[in-house]
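So the structure is just underneath, and the comments pick up after that.
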Amino acid sequence: SASSASSAQGHPAAAFTVVEDGSVTTPAGFRAGGLHCGLKKTDRHDLGAILCEVPAAAAAVYTTNKVQAAPLQATRESLAAGGRLRAMLVNSGNANACTGKQGLADAYEMRAAFAAAAGVPLEQVAVASTGVIGEALKMDRVRSGIAQLPARLKAGAEGADDFCQAILTTDLVKKSVCVSLQAGGRTVHVAGAAKGSGMIHPNMA
Amino acid sequence: TMLGFVTTDAPVGSEALHALLRRATDRTFNMITVDGDTSTNDMLVAMASGLAGGEELTPAHPDWSAFASAVIYVCEVLAKAIARDGEGATKLIEVRVSGAESDASAAAIAKTIVGSSLVKSAVFGTDANWGRIIAAAGRAGEPLDPDTVDIALGPILTLRDSQPVAFDEDAALAYLKGDTVEIIVDLKLGGGQATAWGCDLTYDYVRINAAYRT
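Residue numbers (this note's numbering), protein chains in the order written: chain H, 1 to 205; chain Y, 206 to 419.
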């Protein structure tokens, strides 16, 4: 994992501690998971989610590419509705980009379907996609996966590992890190997961 | 495409979180490149449950800088992991530029160097090709005195005041065979500094991307 290979060089030495076995589910209130729904040609996970047990204060930055995938619009609308999220749903294998009105409808349907399956408000769900550009999502497979996903979300490392697997495309390794620190009179955690291997020159705002 | 997800149980509001996320993004994810192509789907989302309890963290809180450091560190680890896992990559490249007219200028120069196909292929081939590095710096569109540039590959100085320095080619070869290659550039113009990350360019990059869709 990325966390075991990195040091805190260049950062205030006493500010935080790397939690070697930590993940996005280490901070209190988060569960995660993933499964294979059939978007990838292999049997690897291609649908994942992070779920928070309370409405989490949320923020996001997005690509500044003028051509933007449909899920970004759905996520922007969710965040604009109140700045809080309960869930983040991600599929890999298909970018849902350059897919026109159907792609936008599919992004909204993903958001609504996961909101219903997880029992959370629609406007507190964000969605993201990654994979091949210009192909319609196989929504029958996505719907089936979403229906099964809430039961697969776990609070421990296994759930986070499944999530990290579900977001990969051509990546060779999962990317995860977690730190803890004393802040506001309590021990708090900050964790992250990511994917990325090609078409990488981010310019997010 | 890069996707990033940050979770925290710290009690922090959306507005403060958003400002911090933008700052962290500019210093980390926006400072990596693998192939110079910006995706249609890049997204970074942060969620703060607040379930750790305690005092709300705002920029005015004495612990804010520690929290901000933690968020930036998490983003930096993930950004470097993406760069190291660039398609076909065998090495992480870290470019540190100092002495620029401003931090923004240093960032532009660092990202131009780390994105140069010629620099990336030289690193793959373990070629201590400082000429490609200074050429990339010079075309970045930023202020630069062509007579004052120092360039080092890790501990090995190759250029001082824009003039080549005799160095041990065997030592350079050994250094460039490592997992991480640091390119250190001092422009000696001002106080601006920045770091960018990328990877080497290999035959596998073409193999992977020549048939991604089919």
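Glycine included, C-beta positions come from ideal geometry on N, C-alpha and C.
Terminal residues of the alpha helix (DSSP H) in which residue i lies
i	result
His223/Y	219-232
Cys164/H	157-166
Val279/Y	269-289
Val319/Y	308-320
Val142/H	139-148
Gly343/Y	335-343
Ser78/H	70-80
Glu374/Y	374-381
Boundaries of the beta strand (DSSP E) in which residue i is found, first to last residue
i	result
Asn414/Y	Unbroken run through Asn414/Y is the alpha helix (DSSP H), 408-414; no beta strand (DSSP E).
Gly209/Y	208-213
Gln124/H	Where Gln124/H is concerned, there is no enclosing beta strand (DSSP E), given that its DSSP letter is neither H nor E.
Val250/Y	248-253
Phe30/H	30-35
Ser180/H	175-183
Glu387/Y	385-391
Thr400/Y	397-404
Pro55/H	47-62
Asp355/Y	355-358
Gly103/H	No beta strand (DSSP E) holds Gly103/H; the alpha helix (DSSP H) holding it covers 100-118.
Ala191/H	186-195
Arg86/H	84-94
Ala305/Y	297-305
Ile361/Y	361-365
Same chain, Cβ closer than 6 Å to residue i, neighbours up to 5 away in sequence not counted
i	result
Thr233/Y	Cys280, Glu281, Ala284
Pro27/H	His189, Ala191
Ala193/H	Val24, Cys164, Ser176
Val90/H	Gly48, Ala128, Ile167
Ala115/H	Leu122, Val125
CB of residue i within 7 Å of CB of residue j, strictly
i	j	result
Lys154/H	Gly33/H	yes
Lys138/H	Leu168/H	no
Ala59/H	Leu85/H	no
Thr63/H	Val127/H	no
Met207/Y	Ile200/H	yes
Val211/Y	Ala275/Y	no
Ala399/Y	Val302/Y	yes
Ser92/H	Gly131/H	yes
Ile133/H	Ala166/H	no
Ala147/H	Ala118/H	no
Asp247/Y	Pro202/H	yes
Thr245/Y	Ala97/H	yes
Leu122/H	Ala113/H	no
Gly209/Y	Leu249/Y	yes
Asp308/Y	Gly241/Y	no
Thr243/Y	Asn65/H	yes
Leu35/H	Arg141/H	no
Ala81/H	Val120/H	no
Cut-off 8 Å between Cβ atoms - residues of its own chain near residue i, not counting five sequence neighbours on either side
i	result
Thr363/Y	Ala333, Trp335, Ile356, Ala357, Pro369, Val370, Phe372, Ala377
Leu394/Y	Gly304, Ala305, Glu306, Pro348, Leu349, Asp350, Thr353
Ala315/Y	Met236, Val300, Arg301, Val302, Val390, Ala399, Thr400, Ala401
Glu374/Y	Ala333
Gly224/H	The question about residue 224/H has no answer, for chain H in this structure spans 1 to 205.
Ile361/Y	Ala333, Phe372, Asp373, Ala376, Ala377, Tyr380
Ala258/Y	Sequence inspection shows Gly at residue 258/Y; the Ala mentioned does not correspond to that position. Taken in chain order, the residues that qualify are Pro216.
Ser6/H	The predicted model places Ser6/H with a pLDDT of 39, which falls under 50 and marks its position as unreliable; any figure quoted below should be read in that light. So the list reads Val18, Val177, once near-sequence residues are dropped.
Gly343/Y	Leu349, Pro351
Cβ distance (whole Å) where residue i is taken to contact residue j below 8 Å
i	j	result
Leu79/H	Gly145/H	Actually they do not touch by this definition, with Cβ atoms about 24 Å apart.
Asn414/Y	Glu260/Y	Their Cβ separation, rounded to whole angstroms, is 49 Å, which puts Asn414/Y and Glu260/Y out of contact at 8 Å.
Met204/H	Val61/H	4 Å
Gly403/Y	Gly320/Y	6 Å
Gly184/H	Pro216/Y	6 Å
Gly29/H	Cys52/H	5 Å
Val239/Y	Ala288/Y	7 Å
Gly159/H	Arg44/H	Actually they are not in contact, since the Cβ atoms of Gly159/H and Arg44/H sit about 16 Å apart, beyond 8 Å.
Thr317/Y	Ala294/Y	Thr317/Y to Ala294/Y, Cβ: 19 Å. No contact.
Ser197/H	Asp161/H	Going by Cβ atoms, the distance from Ser197/H to Asp161/H rounds to 18 Å, so no, they are not a contact pair.
Ser326/Y	Leu226/Y	That pair is no contact at about 34 Å.
Leu181/H	Ala15/H	6 Å
Same chain, Cβ closer than 7 Å to residue i, five either side skipped, listed in chain order
i	result
Leu222/Y	Ala251, Ala253
Lys382/Y	Thr331
Gly108/H	Before going further, note that residue 108/H is Tyr rather than Gly in the sequence given. Only Ala74 meet the Cβ criterion.
Arg186/H	none
Ser310/Y	Glu347, Pro348, Gly397
Ser425/Y	Outside the shown range of chain Y, which is 206 to 419, sits residue 425/Y, and nothing can be said about it.
His266/Y	Glu260
Residues that residue i contacts on chain A, provided the C-beta gap is smaller than 8 Å
i	result
Asn334/Y	Absence of chain A from the displayed structure is noted, the protein chains being H and Y.
Are there three or more Cβ pairs, one per stretch, closer than 8 Å when the stretch 262-271 of chain Y is compared with the stretch 381-393 of chain Y? no
Take every Cβ of the stretch 100-108 of chain H, pair it with every Cβ of the stretch 63-73 of chain H, and state whether three or more of those distances are shorter than 8 Å. yes
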